[in-house]
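Chains A and B, in that order, give the protein sequences. Be aware that the first sequence starts at 1, since it is given in the numbering used here, and climbs by one per residue. Be aware that the second sequence starts at 1001, since it is given in the numbering used here, and climbs by one per residue. Using N, Cα and C, we set each Cβ at its ideal position, and we do this for glycine too. What follows is a set of notes on a single structure, which appears directly below.
Protein chains: 2
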Amino acid sequence: MEMKKLGRVTAFSRGISLLSCAAVGGKQEGEGPLGHHFDEIDTDSFLGCDSWEQAESELQRRALQHALRKGGMTMEDLDTVLTGDLLNQCIGGSFALRNEPLAVAGLYSACATMGEGLVLSSLLIAGGAMKRAAVMASSHFCAAERQYRMPLPYGSQRSPTAQWTATAAGCCLLGREGDGPYLTHAILGRIVDMGITDPTNMGAAMAPAAIDTLTALFQDTHTKPQDYDLIVTGDLGAVGHGIVADLMGRDGFLMDERYTDCGLLLYDRKKQDMHAGGSGAGCSASVLCAYLLEGIKGRRWKKIIFAPTGALLSPTTTFQKESIPAVCHAVVLSAER
Amino acid sequence: MEMKKLGRVTAFSRGISLLSCAAVGGKQEGEGPLGHHFDEIDTDSFLGCDSWEQAESELQRRALQHALRKGGMTMEDLDTVLTGDLLNQCIGGSFALRNEPLAVAGLYSACATMGEGLVLSSLLIAGGAMKRAAVMASSHFCAAERQYRMPLPYGSQRSPTAQWTATAAGCCLLGREGDGPYLTHAILGRIVDMGITDPTNMGAAMAPAAIDTLTALFQDTHTKPQDYDLIVTGDLGAVGHGIVADLMGRDGFLMDERYTDCGLLLYDRKKQDMHAGGSGAGCSASVLCAYLLEGIKGRRWKKIIFAPTGALLSPTTTFQKESIPAVCHAVVLSAER
Chain A
1 MEMKKLGRVT
11 AFSRGISLLS
21 CAAVGGKQEG
31 EGPLGHHFDE
41 IDTDSFLGCD
51 SWEQAESELQ
61 RRALQHALRK
71 GGMTMEDLDT
81 VLTGDLLNQC
91 IGGSFALRNE
101 PLAVAGLYSA
111 CATMGEGLVL
121 SSLLIAGGAM
131 KRAAVMASSH
141 FCAAERQYRM
151 PLPYGSQRSP
161 TAQWTATAAG
171 CCLLGREGDG
181 PYLTHAILGR
191 IVDMGITDPT
201 NMGAAMAPAA
211 IDTLTALFQD
221 THTKPQDYDL
231 IVTGDLGAVG
241 HGIVADLMGR
251 DGFLMDERYT
261 DCGLLLYDRK
271 KQDMHAGGSG
281 AGCSASVLCA
291 YLLEGIKGRR
301 WKKIIFAPTG
311 ALLSPTTTFQ
321 KESIPAVCHA
331 VVLSAER
Chain B
1001 MEMKKLGRVT
1011 AFSRGISLLS
1021 CAAVGGKQEG
1031 EGPLGHHFDE
1041 IDTDSFLGCD
1051 SWEQAESELQ
1061 RRALQHALRK
1071 GGMTMEDLDT
1081 VLTGDLLNQC
1091 IGGSFALRNE
1101 PLAVAGLYSA
1111 CATMGEGLVL
1121 SSLLIAGGAM
1131 KRAAVMASSH
1141 FCAAERQYRM
1151 PLPYGSQRSP
1161 TAQWTATAAG
1171 CCLLGREGDG
1181 PYLTHAILGR
1191 IVDMGITDPT
1201 NMGAAMAPAA
1211 IDTLTALFQD
1221 THTKPQDYDL
1231 IVTGDLGAVG
1241 HGIVADLMGR
1251 DGFLMDERYT
1261 DCGLLLYDRK
1271 KQDMHAGGSG
1281 AGCSASVLCA
1291 YLLEGIKGRR
1301 WKKIIFAPTG
1311 ALLSPTTTFQ
1321 KESIPAVCHA
1331 VVLSAER
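Right, dumping it as structure tokens:
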């Protein structure tokens, strides 16, 4: 498999095949506009487990099972699972894969974890280090709220710029051979920090990282936004989406109606009270695995950019008045090689 | 670069070159038996920063700078940095690399992070996805204590099986070309959980993961412990080291005096009150970068196994009475290709 370095971007001459994918979501995700695209919606926030953290692991376990089943594969067909989540010490993925016969690489890029996994796994597969890999990521609203913000029973108010952490997991199986969709380009992001300090406005903090990665992608591949049918960042929400559209436009990259964001796709912001939109590692992962890849398969879109973003803060750094570093990893997904 | 799959192990026919490495440590690490091997010892636990978390980032920044300087390189010579640590949301690495011109892959394998980084980067380099990468990991005693256990001023008692989180970072630069030492074999671990629930005895929880990975390495490469000059797990400490030696012996793999552990090497357990030994992502990373690679370069050892172990628990999983999953990633390091 030939790889070509174009500046910061790696191009795969034959494309890495996305063999199968699946997404599992919670009640709010089921009620959103993408609800019917999910492989499974569980309206029990505990998913039959004893805690929300265990439920988040269960989301990953089920997403992997659905992806394997839909691809006609078993765990033995996979070389490695790359997984990550937002919980402290990344327990979502680690506990999901306890005692499974699978080599595991733990990832952390906050809400951009699915992007990091896709980039790393495609590079590993293209280079011949593995034949097939699974990439997955998750988040859980209730587990995230009590870890990052307030225990849910406090019923604390949310700022209008705040986003809603998705209760969802997405899992993607990638391989050297297959009928597509294909991953044709990959770029790993740099850590960008423009000094934003408001943890209830992470869209603004992450927008500069998205701009950095998207600009490099367009420049290094000599393409423009109009060469793609859809450009999806995530999870910038309404605030970050607006900043990216504005600033990219000023730099000569016209981000028109083909530009959207996973945080804007997952929920109906008019009917569901999600403020600036969705977020969480499970947001971009499930939007990709429930909706975007299906759309490419169905030829609704031929070529898209999937560019999940992550805010690399922690409650501790916020207490210490640090600004918020962010990262954006991106891949080009295409119906054809 | 040819890669060969031997069961779960990947063998590199020409070896991946370890171009440069560096380690930075704190006061206790400086007073330990490896103290004079470190590139820098800073006896100020804050390293001139305002918090211990910021100090941990500073450890990584300095380790990267030393490794680049010793290798005669700049950041522009690197394709990617793979980094991880134990802090919630992996802020040690993310904040160390803010606004640097470097693509970043965030990792999480707890104290086995250096192992995960070496395995992934060697696979990526061998496959042609990148030419040169940096791998780094860190931990900080004071930041870890207050995050995982008790605020330091409480002066709480420690159990005799407990280990001491190292205040240290190690950074390794790897590349396709170079004069060695060489990384010749790599294996990514599975997540093993034998039901241990005591978070003050993580050596016992991690030992089964080390046994799983070491057994696969010996079997798949048709080697035995006596084919290596040194076998170093980490950070099992005294308790876990004993379990691995015992159980591997029963399975026919005689782990004699050539078997040791990063947690036993870093401190003088008689003079320094470190209970069962060292631990933390910075323990195995700094023992590798300060001591082990230097020993291979100096031909003290020709061929060693470096097999860092990680306990994938969090305080939340402990409160929820979960058992402790663990992982062990391993590489073979050799003076010759």
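Output yes or no for whether 8 Å exceeds the beta carbon distance between residue i and residue j.
i                             : j                             : result
glycine 263 of chain A        : cysteine 283 of chain A       : yes
alanine 1022 of chain B       : alanine 1067 of chain B       : yes
glycine 1007 of chain B       : alanine 1186 of chain B       : no
serine 340 of chain A         : leucine 1034 of chain B       : Chain A is shown only over 1 to 337; residue 340 of chain A falls outside these bounds and no answer can be derived.
valine 9 of chain A           : asparagine 1099 of chain B    : no
leucine 174 of chain A        : isoleucine 304 of chain A     : no
leucine 118 of chain A        : cysteine 172 of chain A       : yes
lysine 1271 of chain B        : proline 1181 of chain B       : no
alanine 1063 of chain B       : valine 1024 of chain B        : yes
aspartate 1256 of chain B     : glycine 1234 of chain B       : no
leucine 1102 of chain B       : methionine 1075 of chain B    : yes
proline 308 of chain A        : methionine 114 of chain A     : yes
isoleucine 1084 of chain B    : serine 1109 of chain B        : In the sequence on display, residue 1084 of chain B carries glycine and not isoleucine. Going by C-beta atoms, glycine 1084 of chain B is nearer than 8 Å to serine 1109 of chain B.
phenylalanine 1253 of chain B : phenylalanine 1218 of chain B : yes
leucine 1078 of chain B       : arginine 1132 of chain B      : yes
alanine 1126 of chain B       : glycine 178 of chain A        : no
threonine 197 of chain A      : serine 323 of chain A         : yes
Name the one or two DSSP bridge partners that residue i has.
i                        : result
tyrosine 1259 of chain B : B:Ile1231
tyrosine 1040 of chain B : Tyrosine is not the amino acid found at residue 1040 of chain B; the sequence shown has glutamate there. DSSP output for glutamate 1040 of chain B lists B:Val1024 as bridge partner(s).
alanine 169 of chain A   : A:Val24 and A:Ser138
serine 45 of chain A     : According to DSSP, serine 45 of chain A bridges with nothing at all.
alanine 1326 of chain B  : B:Val1192 and B:Ala1311
alanine 245 of chain A   : Answer is none; alanine 245 of chain A lacks a bridge partner.
alanine 1204 of chain B  : According to DSSP, alanine 1204 of chain B bridges with nothing at all.
What is the rounded straight-line gap between the Cα of residue i and the Cα of residue j?
i                         : j                          : result
alanine 1112 of chain B   : alanine 1330 of chain B    : 9 Å
aspartate 1269 of chain B : glycine 1106 of chain B    : Looking at the sequence shown, residue 1269 of chain B is not aspartate but arginine. Rounded to whole angstroms, arginine 1269 of chain B to glycine 1106 of chain B spans 33 Å at the Cα level.
leucine 183 of chain A    : methionine 1202 of chain B : 40 Å
glycine 30 of chain A     : glycine 295 of chain A     : 18 Å
alanine 1169 of chain B   : valine 1287 of chain B     : 9 Å
methionine 206 of chain A : isoleucine 1231 of chain B : 43 Å
cysteine 289 of chain A   : alanine 238 of chain A     : 22 Å
threonine 221 of chain A  : alanine 143 of chain A     : 40 Å
glycine 1240 of chain B   : alanine 1210 of chain B    : 9 Å
glycine 1026 of chain B   : alanine 1055 of chain B    : 10 Å
cysteine 1328 of chain B  : threonine 1318 of chain B  : 20 Å
glycine 195 of chain A    : isoleucine 243 of chain A  : 15 Å
serine 1020 of chain B    : leucine 1120 of chain B    : 17 Å
leucine 1152 of chain B   : glutamate 1145 of chain B  : 7 Å
leucine 293 of chain A    : histidine 37 of chain A    : 11 Å
aspartate 1229 of chain B : threonine 1223 of chain B  : 12 Å
arginine 1061 of chain B  : proline 325 of chain A     : 15 Å
arginine 190 of chain A   : alanine 1245 of chain B    : 42 Å
By the three-class DSSP mapping on this structure, what secondary structure does residue i have?
i                             : result
tryptophan 164 of chain A     : strand
glycine 1128 of chain B       : coil
tyrosine 148 of chain A       : helix
serine 1057 of chain B        : helix
arginine 1069 of chain B      : helix
threonine 83 of chain A       : strand
histidine 185 of chain A      : strand
methionine 1003 of chain B    : strand
leucine 1174 of chain B       : strand
alanine 1307 of chain B       : strand
threonine 1223 of chain B     : coil
phenylalanine 1397 of chain B : The structure shown does not extend to residue 1397 of chain B, since chain B spans only 1001 to 1337, so no value can be given for it.
glycine 1280 of chain B       : coil
leucine 333 of chain A        : strand
lysine 120 of chain A         : Correcting the residue identity first, residue 120 of chain A is leucine in this sequence and not lysine. Reduced to three states, the DSSP call for leucine 120 of chain A is helix.
arginine 62 of chain A        : helix
serine 1017 of chain B        : strand
glycine 1252 of chain B       : coil
leucine 1107 of chain B       : strand
I'd like to know if the segment 272-283 of chain A and the segment 159-179 of chain A are in contact, where contact means that at least 3 CB-CB pairs between them fall below 8 Å. yes
Using a Cβ distance threshold of 8 Å, determine whether the segment 125-141 of chain A contacts the segment 243-259 of chain A, with at least three qualifying pairs required. no
For the segment 40-48 of chain A and the segment 152-161 of chain A, state whether three or more C-beta atom pairs, one from each stretch, are separated by less than 8 Å. no
Closer than 8 Å, Cβ to Cβ, to anything on chain D: give me those residues from the segment 94-106 of chain A, in chain order. Going by chain labels, chain D is absent from the structure shown, which instead holds the protein chains A and B.
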